[in-house]
Each structure stands twice: as structure tokens, then as C-alpha cells.
Amino acid sequence: MKINYFILRDKADTEFDDLIYFKEEVLLEDVIKQVDFVKNNIEDYTNEDIYNSLKKLGKFTIQWIGQYEIIEY
């Protein structure tokens, strides 16, 4: 599946949620592979490590969305 947008969520703290917007469509599978690579190969990785890995897929912007209240229904 091709995507432009996705939410990158820090599993330890949702305050660090980011909306990632790729200028060109990328494959969701490729995004997942990049994130998994960082998780499995970089000890004590940070969001910056994830961003650097995602750069291999194309240009993107980041919008922090952790400040918004979430109301589930």
C-alpha cells in the first residue's frame, strides 16, 4: 500500500507523537522496514534515528501532534 501520511508514535510516551508527511508516496512496507531496522540495530535509539532512517525513502515533513488531547469513542 502506498502512503503519504502516517503517525509515528513513541511507544513509551505518546507525548512524542509526530505526523509524518512524505512529499511523494512511499510504500508502507518500506516505512515499517526502516523503523524495524532502527529498533533492531541501534541500541538506545531516538526519534532522530528513526527520522534519519526514513530519509532514505524520500523527503518528508514532521509535525508534532503530541500536544493534542485524544478522546476515544
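In terms of our numbering, the sequence shown opens at residue 681 and continues consecutively. Ideal Cβ placement from N, Cα and C applies to all residues, glycine included.
| request: Count the other CB atoms, across all protein chains shown, that sit within 10 Å of the CB of Asp698; report buried if there are 16 or more and exposed otherwise. | output: buried
| request: Please name the residue, chosen from Met681, Tyr685 and Lys691, that lies closest to Thr726 on a Cα-to-Cα basis. | output: Ranking the options by Cα distance to Thr726, first place goes to Lys691.
| Gln714 - partner residues in DSSP beta bridges | According to DSSP, Gln714 bridges with nothing at all.
| field | Where the beta strand (DSSP E) containing Asp697 begins and where it ends | value | No beta strand (DSSP E) holds Asp697; DSSP gives it neither H nor E.
| message | Does Gln747 pass the burial test, meaning 16 or more other C-beta atoms within 10 Å, or should it be called exposed? | response | With fewer than 16 Cβ atoms within 10 Å of its Cβ, Gln747 is classed as exposed.
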